[in-house]
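Everything on this sheet refers to the single structure shown next.
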Amino acid sequence: MAASGQVVASAPAKVILFGEHFVVYGVPAVVAAISLRARAAVRKRDDLAVSVRAPDLGVSGIFLPDGTFSPGEGGEEARHLLEPIFTAVRHVMKALSAPSGLEVLVRSKIPVAAGLGSSAAVAVSAAAATTQLLSGRLDLDLAFKAAFRAEELVHITPSGVDPAISTYGGLITYRRGEGIRRLEARGPLELVVGDTGIKRSTGALVSAVRALKERRPRLFASLLEA
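Residue numbers (numbering that gives the first Met the number 0): 0 to 225.
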């Protein structure tokens, strides 16, 4: 959606029904988009800086052309939270050979660190809006690639499943390196997702699974094949 030089895009949260954590090792996962969404509004600015605001996290700041960061709300900690969003929009600008100053506002109803793909949904929405703003058309494949770059900052070695479902939506199977395959449900698929309010680090959980793989390789191999 565009208005007054501004483009707004949204992307859904997700739940992994089967294959969570093992998707990192090339096992297919079954993933569904859910109704919670992140939204990004992007517009151009007169200079080449990129300002990013995330009011739901209480942070804001400006990424300057010389590579420095000027913090706003949230102080220096803001950079850690905002850099993945900046990485996504910067990837789009480079891919389109369209350097530009941008103002990016992101809002999200997705709980953070709850395993619902909040960081990917935010990155996808920001990247998708930027593709539309700078090229005049929505490029979902580019938005996925940009969000994957953002996820590398958040999770180091992401499988790509989160940005894939946030980009393409619906119900899919995803295998690392092969992309998505759409699934058709026979009827409405109603899911109840409980949020304990306890925040978890995906990176820490992935590291724990990797440690199990290294400690018990035969057991791990049998789990992959189960």
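A virtual CB, placed ideally from N, CA and C, is assigned to each residue, including glycine.
Nothing here was measured: the structure is a model prediction, and the numbers come from that model.
Alpha-carbon spacing of residue i relative to residue j, whole angstroms
i: residue 28; j: residue 45; result: 44 Å
i: residue 115; j: residue 68; result: 29 Å
i: residue 74; j: residue 56; result: 12 Å
i: residue 179; j: residue 154; result: 20 Å
i: residue 6; j: residue 223; result: 42 Å
i: residue 52; j: residue 37; result: 13 Å
i: residue 156; j: residue 212; result: 16 Å
i: residue 218; j: residue 70; result: 47 Å
i: residue 138; j: residue 11; result: 17 Å
i: residue 208; j: residue 117; result: 21 Å
i: residue 147; j: residue 166; result: 10 Å
i: residue 16; j: residue 129; result: 31 Å
Rounded distance between the beta-carbons of residue j and residue i, thought under 8 Å
i: residue 132; j: residue 83; result: 19 Å between Cβ atoms; not a contact.
i: residue 85; j: residue 49; result: 6 Å
i: residue 122; j: residue 87; result: 4 Å
i: residue 227; j: residue 43; result: Since the first residue of the chain shown is 0 and the last is 225, residue 227 is not available in this structure.
i: residue 194; j: residue 112; result: Wrong, their Cβ atoms sit about 11 Å apart, outside the cutoff.
i: residue 175; j: residue 159; result: 6 Å
Sheet register partners of residue i (DSSP bridge)
i: residue 178; result: 174
i: residue 104; result: 40, 52
i: residue 61; result: 50, 69
i: residue 13; result: 32
i: residue 7; result: 40
Residue i in three-state terms, based on DSSP
i: residue 132; result: helix
i: residue 164; result: helix
i: residue 122; result: helix
i: residue 146; result: helix
i: residue 198; result: coil
i: residue 222; result: helix
i: residue 84; result: helix
i: residue 1; result: Any reading at residue 1 must be qualified, since the residue scores a pLDDT of 47, below 50, and its modelled position is unreliable; no value is offered.
i: residue 22; result: helix
i: residue 192; result: coil
i: residue 216; result: helix
Cβ of residue i within 8 Å of any chain D Cβ
i: residue 148; result: The structure shown contains no chain D; it holds only a single protein chain.
Exercise for the section: Determine, using beta-carbon pairs with one atom in the segment 170 to 182 and one in the segment 17 to 33, whether at least three such pairs fall under 8 Å. Expected result: yes
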